[in-house]
Amino acid sequence: MDIVISIASKIAESLVAPIGREFGYLIYYDTKMKDLKGELKQLFDMKDGVQELVKAAKRNGGVINSDVQSWLTSVNELIQKVSHFEEEVNMKRRCLYRWNISRKATKITQDVLHLQKKGTFNNVAHPAPPPMISSAFKEGFKDFKSRMTSVNRVIEVLKNEEVRMIGICVVSQTPDIQKIQSEIAEELGFKYNENTESGRARRLHGTLMEINRILIVLDDVWTELDFEAIGLPSELTHKGCKVLLTSRNEDVCKAMGSKEIFTLPVLTEEESWELFREMVGEPLDYPDLAKQVTNECGDYDIPIEYLVRYGWGRGYFSNIDSVEEARNRVHSLVDKLQRRFLLLDSKLKDHTKMHDIVCDVAISIASRDPHRFLIRCDAEKKGWPKVAAYNHYTTISLIPINIDEIPVGLECPKLELLHLEGKRYSENSMDSMCEGMKELKVLGIGGISALPSSLGVLKSLRTLSLNGCRYLTDISNVIGRLENLEILSFRKCSEILELPREIGLLKHLRLLDITDCKCLEKIPHGLLSSLSSLEELYMKIVFANGNDQQQKAKIRGWQALLRLFGEWLVGVPSTSNGCYAFENKLDIVVSDATEFMEIQIVRFLFQKCEDLILGRIKNLKYVLNELDQEGLQHLKVLRIWECPKIEYLVNGASWTQQTAFPLIQSIQLEKMPKLMSAAQISRPGVPGRGDMR
Numbered sequence: 001m002d003i004v005i006s007i008a009s010k011i012a013e014s015l016v017a018p019i020g021r022e023f024g025y026l027i028y029y030d031t032k033m034k035d036l037k038g039e040l041k042q043l044f045d046m047k048d049g050v051q052e053l054v055k056a057a058k059r060n061g062g063v064i065n066s067d068v069q070s071w072l073t074s075v076n077e078l079i080q081k082v083s084h085f086e087e088e089v090n091m092k093r094r095c096l097y098r099w100n101i102s103r104k105a106t107k108i109t110q111d112v113l114h115l116q117k118k119g120t121f122n123n124v125a126h127p128a129p130p131p132m133i134s135s136a137f138k139e140g141f142k143d144f145k146s147r148m149t150s151v152n153r154v155i156e157v158l159k160n161e162e163v164r165m166i167g168i169c170v171v172s173q174t175p176d177i178q179k180i181q182s183e184i185a186e187e188l189g190f191k192y193n194e195n196t197e198s199g200r201a202r203r204l205h206g207t208l209m210e211i212n213r214i215l216i217v218l219d220d221v222w223t224e225l226d227f228e229a230i231g232l233p234s235e236l237t238h239k240g241c242k243v244l245l246t247s248r249n250e251d252v253c254k255a256m257g258s259k260e261i262f263t264l265p266v267l268t269e270e271e272s273w274e275l276f277r278e279m280v281g282e283p284l285d286y287p288d289l290a291k292q293v294t295n296e297c298g299d300y301d302i303p304i305e306y307l308v309r310y311g312w313g314r315g316y317f318s319n320i321d322s323v324e325e326a327r328n329r330v331h332s333l334v335d336k337l338q339r340r341f342l343l344l345d346s347k348l349k350d351h352t353k354m355h356d357i358v359c360d361v362a363i364s365i366a367s368r369d370p371h372r373f374l375i376r377c378d379a380e381k382k383g384w385p386k387v388a389a390y391n392h393y394t395t396i397s398l399i400p401i402n403i404d405e406i407p408v409g410l411e412c413p414k415l416e417l418l419h420l421e422g423k424r425y426s427e428n429s430m431d432s433m434c435e436g437m438k439e440l441k442v443l444g445i446g447g448i449s450a451l452p453s454s455l456g457v458l459k460s461l462r463t464l465s466l467n468g469c470r471y472l473t474d475i476s477n478v479i480g481r482l483e484n485l486e487i488l489s490f491r492k493c494s495e496i497l498e499l500p501r502e503i504g505l506l507k508h509l510r511l512l513d514i515t516d517c518k519c520l521e522k523i524p525h526g527l528l529s530s531l532s533s534l535e536e537l538y539m540k541i542v543f544a545n546g547n548d549q550q551q552k553a554k555i556r557g558w559q560a561l562l563r564l565f566g567e568w569l570v571g572v573p574s575t576s577n578g579c580y581a582f583e584n585k586l587d588i589v590v591s592d593a594t595e596f597m598e599i600q601i602v603r604f605l606f607q608k609c610e611d612l613i614l615g616r617i618k619n620l621k622y623v624l625n626e627l628d629q630e631g632l633q634h635l636k637v638l639r640i641w642e643c644p645k646i647e648y649l650v651n652g653a654s655w656t657q658q659t660a661f662p663l664i665q666s667i668q669l670e671k672m673p674k675l676m677s678a679a680q681i682s683r684p685g686v687p688g689r690g691d692m693r
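Below you can see the structure in the form of structure tokens.
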């Protein structure tokens with residue numbers, strides 16, 4: 001009996017729960033419909049909020065997360081289901097249907113609650129991946145042979161890295177940090193919500209840290225950039241983030257810690273012509289004119305020594321005590337301008353180059369106030385420039401020009417530098433010219449056959465260059481009156497036979513250049529030693545191929561003069577390509593040791609020099625043993641290059657003299673294929689490898 005009761009009880013329980021639930025649909029119909037409406041309203045509000053976030057993310061280029069898209073799809077499907085349910089409710093309002101409607105409302109409410117629970121998102125979207133960008137320069141880009149070396153070097157640096165090119169950001173002369181940040185963000189496919197520069201930097205830094213390999217190109221960088229302010233990771237924090245700079249200033253690349261610096265050379269003449277033809281098209285109606293146009297985009301070789309001498313005369317080195325110090329300053333400035341690509345390297349020693357376009361811009365700037373330069377490199381074709389007045393010009397340079405074209409009564413009261421090159425000029429035209437420019441400090445003139453007497457009125461003249469005046473035979477009539485002259489050069493004045501004694505009156509003379517005065521036979525006794533301010537003497541000793549006894553005797557005759565001259569310079573080349581040196585410095589290049597060592601004056605110079613350069617010397621095996629048996633007691637700096645026969649600096653086996661190189665500070669050896677050691681045998685007084693630095 002108990003068993004029957006227990007079974008009946010279980011059956012009753014199982015029947016009561018479903019029956020109660022079903023009756024609940026009828027009893028709580030209104031409540032369930034009200035609950036459904038309330039939950040639906042919350043769901044619709046959530047949907048509207050998510051959709052607004054989705055729209056904002058799309059505007060910023062974001063990619064909508066898949067779970068958000070699935071949720072919105074489910075919500076839309078539920079909305080369709082609710083719409084059908086509302087139609088059914090409106091059609092079936094009798095009591096018979098209330099149970100069924102209430103039952104469906106309960107089921108829909110459960111679906112709504114489920115979607116509400118899933119509708120909470122931390123992010124509705126993520127940044128789009130960087131788009132694949134083709135080069136902006138692909139169209140119309142042309143390879144040049146002169147560029148390929150640099151291109152290959154860049155590829156060599158990057159070829160083993162899985163680097164992705166995201167684009168090029170143009171930095172410009174005045175960098176705009178926010179603009180740089182925006183361009184990088186655009187390439188990466190996101191937009192900033194942050195308004196401050198620092199906030200954007202943090203956002204960009206975080207985004208870049210999530211990318212394993214990336215290359216950022218910053219184009220046309222003028223000044224050092226603060227990578228931290230931009231938001232670029234450092235090398236220590238992200239080795240996969242590389243930065244490629246393009247700049248017109250090599251110093252900027254170095255200041256920013258560039259590991260590799262690649263210099264793009266100027267287009268060759270053939271490449272310039274090829275580019276011109278491609279841009280203009282074929283055929284060319286005027287090929288000769290076109291060739292002339294491309295040649296105009298060339299460059300000019302500039303002797304750095306001219307810059308030193310002319311700059312000294314103009315007074316640009318007022319705080320510098322010596323010509324050598326000024327020269328070092330000019331070389332430093334030239335190096336700086338070359339690093340900024342305003343000047344170029346030259347194949348000629350001690351020269352630099354200026355590109356034609358840079359030259360035109362420089363002339364344009366210099367021609368304005370307050371400089372007022374008048375410069376013509378085509379004066380032979382156009383003649384003397386026709387301007388209203390010359391009162392404001394400080395510098396005039398005309399190459400080449402005929403001085404006979406100088407306007408009569410020319411007045412240049414502010415002129416400080418005059419540079420004229422041309423053919424032979426008349427003395428009368430020079431006389432009329434000098435009277436109108438009494439403030440002149442620098443005069444460079446080539447081709448004149450005689451110095452006009454009016455040159456003596458130029459009391460402010462500090463630099464006088466008469467280089468290349470082949471027909472000039474005598475300067476004694478006026479040179480002594482130029483009492484403030486500091487630099488005097490008449491290189492390649494081949495008709496001058498004797499240095500005039502009047503040069504001895506130039507007590508301020510610092511530099512005298514008599515190089516390539518081939519007929520010069522006499523220097524008056526005591527002339528050089530009377531020049532108390534002289535710092536540099538330029539002269540070239542040229543050896544004949546044979547045994548020219550007269551030439552050697554003449555050189556030996558100068559020895560007494562040099563003994564009286566505390567600081568001297570001599571270049572000793574065997575060809576016309578002479579090199580020069582300064583302040584007890586001897587520079588011998590392209591020569592034969594068997595020839596110049598027969599000259600007594602050369603041996604004297606070796607004994608006294610402090611700075612010695614030997615380049616491309618034939619038949620020289622040992623430096624000390626063959627050049628100076630005294631051990632070069634005064635030598636401080638020794639530079640030797642491309643001397644193919646030198647094996648040792650000292651033949652230690654035969655060296656029995658005093659200590660060699662006692663004052664030596666620096667030894668530089670370059671391209672010495674047979675050099676084996678400093679000394680053949682190590683002996684006291686003979687330097688070893690550890691003694692040199």
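Residue numbers (the UniProt record's numbering): 1 to 693. Think of the CB as a built atom: it goes at the ideal place given N, C-alpha and C, for glycine as much as any other residue.
Check whether residue i and residue j have beta carbons under 8 angstroms apart
{"i": "Ile-496", "j": "Leu-520", "result": "yes"}
{"i": "Ser-453", "j": "Glu-439", "result": "no"}
{"i": "Phe-661", "j": "Gly-615", "result": "no"}
{"i": "Leu-208", "j": "Pro-233", "result": "yes"}
{"i": "His-126", "j": "Gly-38", "result": "no"}
{"i": "Ala-463", "j": "Val-442", "result": "Here the sequence assigns Thr to residue 463, which means Ala is not the residue at that position. Yes. Within cutoff."}
{"i": "Thr-223", "j": "Val-243", "result": "no"}
{"i": "Val-323", "j": "Glu-535", "result": "yes"}
{"i": "residue 781", "j": "Thr-394", "result": "Missing from the structure shown is residue 781; the chain here goes from 1 to 693 and no further."}
{"i": "Arg-340", "j": "Ser-489", "result": "no"}
Residue i versus residue j: straight-line alpha-carbon distance, rounded
{"i": "His-634", "j": "Val-650", "result": "16 angstroms"}
{"i": "Leu-344", "j": "Ile-302", "result": "10 angstroms"}
{"i": "Glu-260", "j": "Gly-119", "result": "52 angstroms"}
{"i": "Met-33", "j": "Gln-178", "result": "56 angstroms"}
{"i": "Ala-57", "j": "Gln-80", "result": "26 angstroms"}
{"i": "Glu-197", "j": "Lys-191", "result": "13 angstroms"}
{"i": "Glu-187", "j": "Phe-227", "result": "18 angstroms"}
{"i": "Ala-593", "j": "Asn-619", "result": "6 angstroms"}
{"i": "Pro-370", "j": "Leu-499", "result": "40 angstroms"}
{"i": "Asn-123", "j": "Asn-152", "result": "44 angstroms"}
{"i": "Pro-673", "j": "Pro-400", "result": "46 angstroms"}
{"i": "Ile-320", "j": "Trp-384", "result": "36 angstroms"}
{"i": "Gly-480", "j": "Ile-503", "result": "6 angstroms"}
{"i": "Met-676", "j": "Asn-467", "result": "44 angstroms"}
{"i": "Cys-469", "j": "Leu-337", "result": "32 angstroms"}
Cut-off 7 angstroms between Cβ atoms - residues of its own chain near residue i, not counting five sequence neighbours on either side
{"i": "Leu-43", "result": "Val-75, Val-112, Leu-115, Gln-116"}
{"i": "Asn-484", "result": "Lys-459, Ser-460, Leu-461, Arg-462, His-508"}
{"i": "Asn-60", "result": "Phe-190, Lys-191"}
Neighbour-count burial assignment, residue i, 16 or more Cβ in a 10 Å radius
{"i": "Tyr-471", "result": "exposed"}
{"i": "Arg-368", "result": "exposed"}
{"i": "Pro-413", "result": "exposed"}
{"i": "Glu-416", "result": "buried"}
{"i": "Leu-506", "result": "buried"}
{"i": "His-419", "result": "buried"}
{"i": "Lys-254", "result": "exposed"}
{"i": "Ala-388", "result": "exposed"}
{"i": "Pro-175", "result": "buried"}
{"i": "Ile-357", "result": "exposed"}
{"i": "Lys-522", "result": "exposed"}
{"i": "Lys-585", "result": "buried"}
{"i": "Gln-665", "result": "exposed"}
Residues near residue i in its chain [Cβ-Cβ closer than 8 angstroms; skip 5 each side]
{"i": "His-331", "result": "Ile-304"}
{"i": "Ile-64", "result": "Val-54, Ala-57, Lys-58, Val-124, Ala-125"}
Residues near residue i by beta carbon distance below 6 angstroms, same chain, minus five either side
{"i": "Leu-638", "result": "Leu-612, Ile-667"}
{"i": "Ser-135", "result": "Since pLDDT at Ser-135 reaches only 45, below the 50 mark, its modelled position is unreliable, and the value read off the structure follows with that caveat. The answer is none, since no qualifying residue turns up."}
{"i": "Leu-663", "result": "Lys-636"}
{"i": "Leu-669", "result": "Ile-640"}
Residue i at chain C interface by Cβ criterion, 8 angstroms
{"i": "Glu-183", "result": "Going by chain labels, chain C is absent from the structure shown, which holds only one protein chain."}
In chain order, each alpha helix (DSSP H) run of at least 4 residues that lies wholly inside the segment 493-545: 527-530
Every unbroken alpha helix (DSSP H) inside the segment 204-255 [4 residues or more]: 227-230, 250-255
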